[in-house]
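Under this note's numbering, think of the first position of the sequence shown as 41, with each following residue one higher.
Structure, as structure tokens:
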Amino acid sequence: MTIQRRGELQTAYPLHDGGVPVGVDWYFPDTNRLGPSVQLWRFEPGASEGEHRHDDSTDRDLDELYLVISGRLEVDIDGVGHDLGAGDAAYVPAGVPHSAHNPGEVTAEVVLMFGEPGTVPRHNQAGFRARLAAQD
41 MTIQRRGELQ TAYPLHDGGV PVGVDWYFPD TNRLGPSVQL WRFEPGASEG
91 EHRHDDSTDR DLDELYLVIS GRLEVDIDGV GHDLGAGDAA YVPAGVPHSA
141 HNPGEVTAEV VLMFGEPGTV PRHNQAGFRA RLAAQD
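Following this line, the structure appears as structure tokens:
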């Protein structure tokens with residue numbers, strides 16, 4: 041088992057010409073075998089990630105998932121704005137233009153997962169979907 045504490049692998053930099061730097065913790069960048077990379081991003085008020093996409097014209101195909109832990113995050117996906125709060129998530133497939141910024145007055149913390157497109161794991165979905173159907 042390996043433990044990584046907040047701040048052990050941390051930096052801040054402007055992402056995709058977004059202006060105000062975003063704080064980034066990268067979790068297990070050299071040992072994670074799950075598939076996606078996992079990071080914790082801190083968007084201070086006004087911080088942003090500029091518009092970009094991940095496909096063959098940039099570095100490589102990457103899907104991204106933004107999961108807001110606290111605060112608010114405005115995510116623009118293919119020209120459509122979405123206001124996300126704690127517990128909300130946005131999924132951006134490879135090749136789709138997107139950007140993000142914190143319009144609020146408090147820091148927004150966001151778990152970002154990104155990796156090459158693959159298959160959707162189905163190992164536990166049947167039970168989960170059955171419970172969802174039972175709620176209706």
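Where is the CB? At the ideal position from N, CA and C, for every residue including glycine.
Small disclaimer: the values here were computed from a predicted structure and weren't measured.
(message) Between the region 74-90 and the region 146-157, can you find at least three pairs of beta-carbon atoms closer than 8 Å?
(response) yes
(message) Tell me which residue opens and which closes the beta strand (DSSP E) that residue 184 is part of.
(response) The requested residue 184 does not occur in the structure, where the chain is confined to residues 41 to 176.
(request) For residue 66, collect the residues of the same chain with a Cβ closer than 6 Å to its Cβ; drop the 5 residues on either side in sequence, then sort them by chain order. (result) As a working mapping, residue 66 is identified with position 26 in the sequence shown. The answer, listed in chain order, is 49, 79.
(message) Please return the same chain residues whose Cβ sits closer than 7 Å to the Cβ of residue 109, not counting the five positions on each side in sequence.
(response) Taking the sequence shown and counting its residues from 1, one reaches residue 109 at position 69. For residue 109, where only same-chain residues beyond five positions count, the Cβ hits under 7 Å are 126, 149, 150, 151.
(message) With distance defined between alpha-carbon atoms, name the residue in 87, 81, 134, 111 nearest to residue 102.
(response) As a working note, residue 102 is residue 62 in the sequence shown. Of the listed residues, the one whose Cα sits closest to residue 102 is 134.
(message) Using only CA atoms, which one of 95, 92, 114, 104 lies nearest to residue 83?
(response) Walking along the sequence shown from the start, residue 83 turns up at place 43. In terms of CA proximity to residue 83, 114 leads the group 95, 92, 114, 104.
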